[in-house]
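Below: one structure, written as structure tokens.
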Amino acid sequence: MNLTEAIDWAVDALAAGCIDDPRFEAELLLTAALNIKKSELVLYQSKSVEDKNFKHYQELVRRRLKHEPTAYILGNQPFLGLNIIVNRTVLIPRPETELLAEQALKVTSHESPVIIADIGTGSGCIAVALAKGLPQAEVYAIDASNDALKVAKQNAEQYHVADRCHFIKGNLLEPLKEPVDLIVSNPPYIPSDEIKKLQPEVKDWEPKQALDGGKDGLDYIRKIIAESPKHLKPNGRLMMEFGFGQAAEIEKLAAASFAKSEIVQDYAGIPRILIRLSSTVSR
Numbered sequence: 030m031n032l033t034e035a036i037d038w039a040v041d042a043l044a045a046g047c048i049d050d051p052r053f054e055a056e057l058l059l060t061a062a063l064n065i066k067k068s069e070l071v072l073y074q075s076k077s078v079e080d081k082n083f084k085h086y087q088e089l090v091r092r093r094l095k096h097e098p099t100a101y102i103l104g105n106q107p108f109l110g111l112n113i114i115v116n117r118t119v120l121i122p123r124p125e126t127e128l129l130a131e132q133a134l135k136v137t138s139h140e141s142p143v144i145i146a147d148i149g150t151g152s153g154c155i156a157v158a159l160a161k162g163l164p165q166a167e168v169y170a171i172d173a174s175n176d177a178l179k180v181a182k183q184n185a186e187q188y189h190v191a192d193r194c195h196f197i198k199g200n201l202l203e204p205l206k207e208p209v210d211l212i213v214s215n216p217p218y219i220p221s222d223e224i225k226k227l228q229p230e231v232k233d234w235e236p237k238q239a240l241d242g243g244k245d246g247l248d249y250i251r252k253i254i255a256e257s258p259k260h261l262k263p264n265g266r267l268m269m270e271f272g273f274g275q276a277a278e279i280e281k282l283a284a285a286s287f288a289k290s291e292i293v294q295d296y297a298g299i300p301r302i303l304i305r306l307s308s309t310v311s312r
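In this text, residue positions in the sequence shown follow the numbering used here: the first is 30, and each later residue adds one.
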């Protein structure tokens, strides 16, 4: 069996299993099974696949047919040019969160020392991307899960920013001992009753504690917005991701705590990121 035949077999199997974009998935899994670059699939289409490698490939395809996310099968997920290590203890980074990190990089000084807090760091994708892109930054990455913090530390180590990333177990902003320049967070924001409606790749595989935002999805968001003013420097910013349909309530919550804020849309035109722009409202 050559590469083309192996891919065709997988495409048929994945299509029959109702996996979206089966050819893309088949090619991606084959590069993992053979430990080759995707360009080599084109260059060596007639190259034979050894039996042991095809068996490995079959196992990867079987895992995907059980709706295990491809990122968990491969053990990594691209994020702002980085290859972030992931497993079932952490949420898989998404494009919306890339946008959050991009916005944070855009508005934060690249020359002056800054202190950043990443609340609910998970895989550490935001913390590591910011530390990598901001050489003067010190990042406090907080999460309630020890398992998630282990993954985050691995990511910081592989990109050589572990000396500027401080991983702390704790609840939201409670561990912060000093005011910071930037609080950034992708908190759980899916309403509890909505989780069962999600795709199997999400509801059956990703950690529920990283998804479930309570009855209306805003349990953690309310706390972060309310508590952030006392943890920010006078000109500090809060930047936080939130979910579809939550913008109106987010604006109300922000108005109660911040003198000025704005909401940024994601790539699909959906309101997605809250940015606190100025000091707290007077009481």
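Where a beta carbon is used, it is the ideal one built from N, C-alpha and C, also for glycine.
| Phe283 - containing alpha helix (DSSP H), residue span | The question names Phe, but residue 283 is Ala in the sequence shown. Element bounds for Ala283: 276-286.
| query | At which residue ranges does the stretch 157-202 contain complete beta strand (DSSP E) runs of 3 or more residues, listed in the order of the chain? | reply | 166-172, 194-198
| field | Residue span of the alpha helix (DSSP H) that contains Lys232, given as start and end | value | Start and end: 229-232.
| query | Going by Cα to Cα distance, which pick from Ile292, Ala39, Ala166 is closest to Glu140? | reply | Ala166
| task | Return yes when the Cβ of Asn31 is within less than 8 Å of the Cβ of Ser68, no when it is not. | result | If you check the CB distance, Ser68 and Asn31 do not come in under 8 Å.
| request: Hey, could you find the ends of the alpha helix (DSSP H) Gln238 is sitting in? | output: Neither: Gln238 is in no alpha helix (DSSP H) and is coded neither H nor E.
| task | Select from Gly272, Ile102, Gly265, Ile145 the residue whose C-alpha is nearest the C-alpha of Ala62. | result | Ile102
| Rounded distance between the beta-carbons of Leu211 and Ala133, thought under 8 Å | Their Cβ separation, rounded to whole angstroms, is 6 Å, which keeps Ala133 and Leu211 in contact under 8 Å.
| message | If I follow the unbroken alpha helix (DSSP H) through Phe83, where does it start and stop? | response | 80-94
| To which residues of the same chain is Leu267 closer than 6 Å at the C-beta, ignoring the five residues directly before and after it? | Correct list, in chain order: Ile212, Ser257, Arg305.
| In angstroms, rounded to a whole number, what distance separates the CA positions of Gln294 and Ala146? | 22 Å
| Alpha carbon to alpha carbon, what distance is there between Ala156 and Pro122? | Cα to Cα, Pro122 sits roughly 12 Å from Ala156.
| request: Note down, one range per segment and in chain order, each alpha helix (DSSP H) of at least 4 residues found wholly within the stretch 98-131. | output: 99-103
| field | Ile145, enclosing beta strand (DSSP E) - first and last residue | value | 143-148
| query | In whole angstroms, what separates the C-alpha of Asn264 from that of Phe287? | reply | 12 Å
| Helix, strand or coil for Ser138 per DSSP? | Three-state DSSP puts Ser138 in coil, outside helix and strand.
| said: Suppose the cutoff is 7 Å on Cβ atoms and the five residues either side in sequence are ignored; what does the same chain contact list for Tyr73 look like? | reply: Counting only residues of its own chain and dropping the five nearest sequence neighbours on each side, Tyr73 has a CB closer than 7 Å to the CB of Leu32.
| task | Note down, in chain order, each residue of its chain lying with its Cβ closer than 7 Å to the Cβ of Ala276, except the 5 sequence neighbours on either side. | result | Ile292, Pro300
| Whole-Å CB distance - Ile48 paired with Arg93, under 8 Å assumed | 6 Å
| task | Inspect the CB distances between the stretch 171-179 and the stretch 187-203 and report whether three or more fall short of 8 Å. | result | The stretch 171-179 vs the stretch 187-203: in contact.
| task | Pick out whichever of His96, Lys179, Ser77 has its Cα sitting closest to the Cα of Phe196. | result | Among His96, Lys179, Ser77, the Cα nearest to that of Phe196 is on Lys179.
| Nearest to Glu79 by CA position, among Ser290, Leu59, Asp50, Asp41, is which residue? | Leu59
| Nearest to Leu70 by CA position, among Ala239, Lys289, Ile36, Lys281, is which residue? | Ile36
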